[in-house]
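Residue numbers (the working numbering): 141 to 207. Inspection log for the structure reproduced underneath, given as structure tokens.
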């Protein structure tokens with residue numbers, strides 16, 4: 141919308157350091173999220189079992205987790 145209203149060149153926007161840094165950060169964040177989701181989905185049953193065992197042994201940790 142700003143490109144249309146201000147009649148800016150999209151080539152100028154792409155070459156700015158702020159735009160490049162933002163796009164690099166976006167790629168890194170999406171990569172980390174994808175990696176984390178894949179890891180959690182692959183080991184969800186083990187994570188639930190371990191967390192359940194720990195919370196049964198130390199129920200006060202639930203307050204710490206929810207805090």
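Note that beta-carbon positions come from the ideal geometry of N, C-alpha and C, so glycine has one too.
For residue 156, there is no enclosing alpha helix (DSSP H), as DSSP marks it with neither H nor E. In the three-state DSSP reduction, residue 207 falls in the coil class, being neither helix nor strand. Residue 147 sits in coil when the DSSP states are folded into three classes, being neither helix nor strand. Here the C-alpha atom of residue 152 lies approximately 29 Å from the C-alpha atom of residue 172.
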